[in-house]
Amino acid sequence: TGTSYGFRDAWAAGHADGKTIVVWVGRADGAPRPGVAGRTGAAPLLFDLFDALSRQQTLKPADVQPQTPDVDNRARLRPPSIAAAPVIKYPVPGSEIFADRSSGRGVALAAAGGEGDYRWYVDGVEIPPDNERAIWRPATAGFYDLTVVDARGYSATAKVRVASLQ
102 TGTSYGFRDA WAAGHADGKT IVVWVGRADG APRPGVAGRT GAAPLLFDLF DALSRQQTLK
162 PADVQPQTPD VDNRARLRPP SIAAAPVIKY PVPGSEIFAD RSSGRGVALA AAGGEGDYRW
222 YVDGVEIPPD NERAIWRPAT AGFYDLTVVD ARGYSATAKV RVASLQ
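Just add 101 to the spot in the sequence shown (first one is 1) and you have my numbering.
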């Protein structure tokens, strides 16, 4: 068993009858769970899983199918296209930018790759296109998460810092 610093994660691992199980108990957002340790939070679930597995009926293995698929069906068996997701070109991820509010121009966002039109989001809020371009007008200085999503739903995210607003 184990517990991470600040009670963020509790885990337990076990091996019996040729089976290995690892149980993690925690919050996806990393928030602490005071008092929950591997011994009290994860181990009881680990034991329940081993008990449930020992009660399962043994299943008969599937019959071997010596036939190969028809060659004409091979296109259907290909993996889905591995087209590239969009990439944020500006502002560069991790960069510090200076926005000029007085000009009203804002920051022109740029991406490459992906398919179709892009949708842009700042901290989860969509930026409406301005003459077919995404123009971001930050209201305050600080850190922001910019996300671009292409027509297929593939996305890229960049954290940027707006250093000052003139």
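A virtual CB, placed ideally from N, CA and C, is assigned to each residue, including glycine.
- Arg109 is the residue among Ile228, Arg109, Val123 and Ser265 whose C-alpha sits nearest the C-alpha of Ala129.
- The three-state reading of DSSP puts Tyr191 in strand, counting E and B together.
- Taking every protein chain shown into account, the CB of Pro187 has 16 or more other CB atoms within 10 angstroms, so this residue is buried.
- Separation of the CB atoms of Ala209 and Lys190 is rounded to 10 Å, and the pair is thereby denied contact status at 8 Å.
- When the Cα atoms are used, Ala138 and Trp237 turn out to be separated by approximately 45 Å.
- Following the DSSP letters along the chain, one finds Ala213 inside the beta strand (DSSP E) bounded by residues Ala211 to Ala213.
- By the neighbour-count criterion, in which 16 or more other beta carbons inside 10 Å mark a residue as buried, Asp251 falls on the buried side.
- Counting other Cβ atoms within 10 Å of its Cβ, Thr104 reaches 16 or more and is therefore classed as buried.
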